[in-house]
Every structure is written in structure tokens, then in C-alpha cells.
Amino acid sequence: MHRFIPGKRSRLPGHLSRLVIFCAILIAVIYFSTSALSRRTDEEQIQTLQTQLWQSIVHCYCVEGFYPESLDYLKENYDITYDEDRFFVDYQPMGSNMVPDVTIIFRDGDS
Numbered sequence: 244m245h246r247f248i249p250g251k252r253s254r255l256p257g258h259l260s261r262l263v264i265f266c267a268i269l270i271a272v273i274y275f276s277t278s279a280l281s282r283r284t285d286e287e288q289i290q291t292l293q294t295q296l297w298q299s300i301v302h303c304y305c306v307e308g309f310y311p312e313s314l315d316y317l318k319e320n321y322d323i324t325y326d327e328d329r330f331f332v333d334y335q336p337m338g339s340n341m342v343p344d345v346t347i348i349f350r351d352g353d354s
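Quick look at the structure:
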């Protein structure tokens, strides 16, 4: 019969709602931070692959006197390795004495 005595109310619902809001905000902050970090990592991987490819292309030209005729030539002779499931590399040779056109595209895992 203590239900109607003033001052004996439970403060659990107020604390519970604040806890739920705090947890929701914390989860949102973690999610967006992880997404931003993942995006930045993908951009850095593309930049690293691009640097690796161009260094190998220039090295091939300096040592052998011609630009590589294909991406497979670079893979076999200059140890170019990358995750082909994550990156698409379009290698378009322009001739043995002209710089090739190289495009790197990140393959989104959602598609």
C-alpha cells in the first residue's frame, strides 16, 4: 500500500530513457567514425596502388627502353600485386614510346 505515498517514486524511467539516448548517440558516433575511416583507407589503398604502378611503368621504361605493353607484363616482371576483387585497373598502352593511360577504380563491395 505504499503506492500512493509521495516521494517514493522510482526514477528508473527517466534514467532509462537517458541511457537509451546516450547509447543511440554513441552507436551513431562509432558508425560514422568507422565509415569515414574505411573511406579514407580505401582512398589510401588506391593512391598506393597508383604509385606502385607508375613507379613500375617508369622503371620498365628506364631499364628496358619501352613502356610495358600490358598490365600482365607488369604483374609478371615487376611484382605488381593487388586485390582484383576490390580494384579494377584499366591499362591502355599508347605505344612502346608513349606513356600508357592507367585508371584505377574501386569496386564497391555492395554491388
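Residues in the sequence shown are numbered consecutively from 244, following the working numbering. Ideal placement from N, C-alpha and C gives every residue a C-beta, glycine not left out.
Give the DSSP-derived three-state secondary structure of residue i in the structure shown.
| i | result |
| --- | --- |
| S354 | Only weak support exists for where S354 lies, its pLDDT of 46 falling under 50; the coordinates are left without a value. |
| V263 | helix |
| G338 | coil |
Output yes or no for whether 7 angstroms exceeds the beta carbon distance between residue i and residue j.
| i | j | result |
| --- | --- | --- |
| D333 | T346 | yes |
| Y321 | S299 | yes |
| F349 | D285 | yes |
| Y304 | P343 | no |
| E319 | P336 | no |
List the DSSP bridge partners of residue i.
| i | result |
| --- | --- |
| V332 | I347 |
For the ligand SAH, I want to know if residue i counts as a neighbour, meaning its beta carbon is within less than 6 angstroms of at least one of the ligand's heavy atoms.
| i | result |
| --- | --- |
| P311 | In terms of ligand content, the structure shown is empty, and the ligand SAH therefore cannot be addressed. |
> What are the uninterrupted segments assigned as alpha helix (DSSP H) that are 4 or more residues long and contained completely in the segment 271-325, given in chain order?
Replying inline: 314-320
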